[in-house]
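Residue numbers for the sequence shown follow this note's numbering, so the first one is 6 and each next one is one higher.
Glycine included, every Cβ here is placed at the ideal spot set by N, Cα and C.
Keep in mind that this is a model prediction, so the values were computed, not measured.
The block underneath contains the structure these notes are about, expressed in C-alpha cells.
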Amino acid sequence: MESSSPSTSSSPDWKPTISQEEQWTIETQVFHIYRLLYNIPPNSQAAMLELQRDSHMEYLVKGLRHLGPSFSVLDANRPWICYWIFHSIALLGESVDVALEHNAIDFISRCQDRHGGYGGGPGQMPHLATTYAAVNSLITLGGHKSLASINRCKIYSFLKRMKHTSGGFSMHDGGEVDVRACYTAISVASVLNILDEELVQGVGNYIVSCQTYEGGIAGEPGSEAHGGYTFCGLATMILINEVNHLNLASLTDWLVFRQGVEGGFQGRTNKLVDGCYSFWQGGAALLIQRLHAATDSTSSESSDDEDSMAEISSDQEEGQHSDIDDVNPSSTPIKLIKRRSQTKPLFQSQALQQYILLCSQMEGGFRDKPGKNRDHYHTCYCLSGLAVAQYSWSNDTDSAPLPQSLLGPYSNLLEPVNPLHNIVLEQYNEALYCSLRDQVYANQPTSRSKIIRVDDVGMPCHLPTTVGPALSILARFRLRMKKKSDDGARRENEEENLLSLHFSYRRTSCIVASSHRTYSPAPESNRSSSFIKFLNSCVVFFTSVALSVSVFVTDVDTAGAFIVATTRKLQKDELATVRPFQENTPSVVYITNPASRQDAFTLDVLEVPQGSGSGFVWDKKGHVVTNYHVIRGASNFRVTLADQSTYDAIIVGFVQDKDVAVLCIDAPKDKLRPIPVGVSGDLLLGQKVTVEVLPGDHVEKIPIVLQPKADET
6 MESSSPSTSS
16 SPDWKPTISQ
26 EEQWTIETQV
36 FHIYRLLYNI
46 PPNSQAAMLE
56 LQRDSHMEYL
66 VKGLRHLGPS
76 FSVLDANRPW
86 ICYWIFHSIA
96 LLGESVDVAL
106 EHNAIDFISR
116 CQDRHGGYGG
126 GPGQMPHLAT
136 TYAAVNSLIT
146 LGGHKSLASI
156 NRCKIYSFLK
166 RMKHTSGGFS
176 MHDGGEVDVR
186 ACYTAISVAS
196 VLNILDEELV
206 QGVGNYIVSC
216 QTYEGGIAGE
226 PGSEAHGGYT
236 FCGLATMILI
246 NEVNHLNLAS
256 LTDWLVFRQG
266 VEGGFQGRTN
276 KLVDGCYSFW
286 QGGAALLIQR
296 LHAATDSTSS
306 ESSDDEDSMA
316 EISSDQEEGQ
326 HSDIDDVNPS
336 STPIKLIKRR
346 SQTKPLFQSQ
356 ALQQYILLCS
366 QMEGGFRDKP
376 GKNRDHYHTC
386 YCLSGLAVAQ
396 YSWSNDTDSA
406 PLPQSLLGPY
416 SNLLEPVNPL
426 HNIVLEQYNE
436 ALYCSLRDQV
446 YANQPTSRSK
456 IIRVDDVGMP
466 CHLPTTVGPA
476 LSILARFRLR
486 MKKKSDDGAR
496 RENEEENLLS
506 LHFSYRRTSC
516 IVASSHRTYS
526 PAPESNRSSS
536 FIKFLNSCVV
546 FFTSVALSVS
556 VFVTDVDTAG
566 AFIVATTRKL
576 QKDELATVRP
586 FQENTPSVVY
596 ITNPASRQDA
606 FTLDVLEVPQ
616 GSGSGFVWDK
626 KGHVVTNYHV
636 IRGASNFRVT
646 LADQSTYDAI
656 IVGFVQDKDV
666 AVLCIDAPKD
676 KLRPIPVGVS
686 GDLLLGQKVT
696 VEVLPGDHVE
706 KIPIVLQPKA
716 DET
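Here's what the structure looks like:
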C-alpha cells in the first residue's frame, strides 16, 4: 500500500489519519532495514538473511516447558499454543524429546470432551477452533500413540451437532456461525477421513454468500473481506470440490493487491502489513496457483484417465461413478486463472521472504512487524508463510524449490506444507494413511466420501464409494498416483506396496473382525525352519535355567566371586588426600532451593529445583554453612545429608560480601557429623588444601594452593 506524504496534499487543513501515520512509520523502519542489507558485502548479506534455527528452537522449546503469568489470558487456547509451537518445530525439521512429546499428547487427550471435540483445556466445552488446533497438533506429533488418541467417531458426532441451518457451522453450542467455523470443521473432517455429504451440505452456498464486492471473503455475510477468512473460505471450497462457485477473478485481484511495498501482506484494505498474513494471504495465493496447475495436468491426462476408469469400472458397485472432473472448477474461472498465473507465483515470493527474514525475525521467534514483540502465533504463521514462499515456484509438492524461489542460504529451506491444512506434508500423509488403514482393518463399509491423499497439486481426491471392495479402491488410488518422472515412479511403487499390505487381504487372508487380526497360511517350506527356531529357543531357555540354579547350589563365597583384582597399596601423597576425604565426607551436605513453577500444559503449580550447591555441618545444633550465592533470591531450602535424608532449612544469617551464609535444620543429633574446623592462621603460605564439594549425587576433590590473607579469620 502506497500513501502520499502530507506535503503533497492540496488542502491546507488536511491532516493524516492514524493509519497513514503508522504506515509511514512502518515504511521508514522497513526501508531502513533494507538499506542496511544492500549496503553491506554479499557475504554479510547471506548472514543477515539466514534463518536463525537454533534461536527459534530454543524459544519454542522454552514455550513448551514454561509460560509466564501473562499467558493466563490464553487459558482457553492451550491446544492452539501446542499447535503453534509443534508446527513451527516441524517446519524447522526438528522434534522434541520423547518425554515432552508424550506429555503433550496426554494433555491434549485430556482436552477431548466425552461427547466429541476438544476444548481449550481439560474440562472446558468443546470448540471447533480448539478441535482443529488439537487434531493438527496430534497429527504433527505423529506416531501411533498420538493418532490413536483421536476419537474419530465422536468427533464426527460433534461436527454434526455443530451443523447450522444456514449451511455453515457453529463454533460451539450456541456459538457464532462464520467462515472460520466452516473451515475448521471441514478441515478436521477431511484430514480424519470422515467427510460426507451431510457435513458438506450447504457449506458452499454459505461461503459464497460471504464473498464481498472487493473479491475477498468475509467472516460472515455483509462484513469486510479479510485475509484469514479468505484463506478459510477458499480452502474449504477446494476441500468440498465447490471452488468453481466462487468469483475467482475478483478474489485473485483482491488477493494480489494485499502485498504491500514492504514485501509482506496486509489483512484488509488500507491496513498495515502483518507477518501472520504471510501464510493467510500467501497460502491463498498458492492454492489458486495449484488450482491452475491441477487444471493443466487434468486436461493433459484426460484421455488416460478415461481408459483407466474403464478398466476398473467392472469392479465398482452399481451407481458408483468417477468424480475426477468434480475435483476441478468450471472452465470459465479457470481461464482467468490461466491468464493471471501461468508458471509464476501470484505474489512476489522473494519480497515476502525478505520481509519475514529481516523484519519479522527476531533472536528467537517472529513478530508482527518492526517494533512489536515476538509470540508463538506469529512464529507459527511467519514460518508457514516462509515455507509457502519457498515452494511457490514449484507445482509439485514433492519436488525441491527452484533456485529463484529460495532467498538466503540453502539452510533456510523449510519442510513443505499441505497448504489446505497447514500441516507438514509428511505428517499429513501419515495421518491420512492411518485413517484409511484403520477403516480397512475394521472392514466396515461406509457411504462417507474418502479423501485418500493429496496429489501433486495439493488437492484432495474424493472417493464417494464404499470402502469395499478393497481392490476397487486400490485401483482408483493408483489412478491418482500417476507420475511423469522416474523419482515419481519410485514413490508410486513404494506407496502402492505400502497400501498393498492392507488391501491384499481380500485374496490372501481372513479377517477376524472382533480383533482385526489377519491369518495367512505359511508356505510349506517355512515350516521346517520354524521348528528349528523352536528348538533353538528351548536350548537357550534351559541353559539360562541351569546357570541360574548353579548360583544357589554351588558353595562359593558370593562376595569374593565378583572381585576382579585386589586394590594396590596407596602411596603417602595419595593417603594424604584420601583420608581427609573419607573422614569428612559425612559432614558435606547438598542444598537445594525449590521454587514454584506452573506447568505449560496442565497449569498445575509444581516445585522445581531452582538452584543447588554444597555446604557442611557446623555443629550438633543443626547449623549448616554454605555460600551466599547458593541461597540468594530463594525463600525455601532443603538440605540433604550424606545418608540421603532430607530436611527443610531456615536462614540464620549471611554476609553477602564474604559470600557466606548459615542455615539451620532440625535433624537428629546422631545424624549430624560436624566437620573438624581448623584455624586459618595456622596455615602456611603455599600449603596444599583439599576442598570437598558435593554437586548432586557425587563428590569431587579439588586440590588448591591456599594463599591466606593476613587479616583473614
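First through last residue of the beta strand (DSSP E) which encompasses Ala654: Thr651 to Val660
Minimum C-alpha distance to His92 - residue among Leu72, Tyr137, Gly121 and Asn141: Asn141
Top-ranked residue by Cα proximity to Trp285, from Leu239, Val665 and Glu267: Leu239
Alpha-carbon to alpha-carbon, Trp19 and Ile245: 50 Å
Beta-carbon proximity list for Thr235, same chain, < 6 Å, skipping 5 on both sides: Gly221, Ile222 and Ala289
Neighbourhood of His381 by C-beta, 7 Å cutoff - its chain only, sequence neighbours within 5 removed: Gly68, Ile86, Trp89 and Ile90
Residue burial classification, Arg40 (beta-carbon count within 10 angstroms, cutoff 16): exposed
Beta carbon of Asp662 nearer than 8 Å to that of His634: no
Contact the segment 159-169 vs the segment 183-196: 3+ CB pairs below 8 Å: yes
Residues bridged to Asn423 (per DSSP): Ile428
Reduced DSSP secondary structure (H/G/I, E/B, other) of Phe352: coil
C-beta atoms of Ala190 and Phe174 nearer than 8 Å: yes
Residue burial classification, Lys577 (beta-carbon count within 10 angstroms, cutoff 16): exposed
Proximity below 8 Å, CB of Thr651 to CB of Ile596: no
For Val184, the three-state DSSP class (helix, strand or coil): helix
C-alpha gap between Glu219 and Pro47, whole angstroms: 42 Å
Through-space distance from Asn252 to Lys168, alpha-carbon basis: 25 Å
C-beta atoms of Ser354 and Ala392 nearer than 8 Å: no
Simplified DSSP state of Ile596, which is helix, strand or coil: strand
DSSP state of Lys676 mapped onto helix, strand, coil: helix
Among Gly180, Ala134 and Gly148, the one whose alpha carbon lies nearest that of Cys237: Ala134
Simplified DSSP assignment, three categories, for Leu164: helix
CB of Leu388 within 8 Å of CB of Glu27, strictly: no
Status (buried if at least 16 other CB within 10 Å, exposed otherwise) for Glu202: exposed
Continuous alpha helix (DSSP H) assignments of at least 4 residues falling wholly in the segment 12-45: 23-43
Nearest candidate by alpha-carbon position, reference Ser214, set Gln206, Gly227, Val205 and Leu204: Gly227
Assigned secondary structure, Arg70 (DSSP; H/G/I helix, E/B strand, else coil): helix
According to DSSP, residues forming a beta bridge with His628: Cys669
Candidates Phe76, Leu79, Asp178 and Ala109: closest to Gly122 by CA position: Asp178
DSSP three-state assignment for Gln117, whether helix, strand or coil: strand
Uninterrupted beta strand (DSSP E) stretches inside the segment 86-115 (no shorter than 3 residues): none
Per-residue DSSP class, three states only, for Tyr510: Its pLDDT being 27, under 50, Tyr510 is placed unreliably by the model, and the measurement read from it follows with that caveat. The answer is helix: DSSP assigns Tyr510 an H, G or I state.
Closest residue to Ala230 among Val66, Asp258, Gly207 and Val208 (Cα-Cα distance): Asp258
Extent of the continuous beta strand (DSSP E) to which Phe642 belongs: Phe642 to Thr645
Same chain, Cβ closer than 7 Å to Met176, neighbours up to 5 away in sequence not counted: His132, Leu133, Ala134 and Ala186
Test: Tyr43 CB closer than 8 Å to a CB of chain C: The structure shown contains no chain C, having only a single protein chain.
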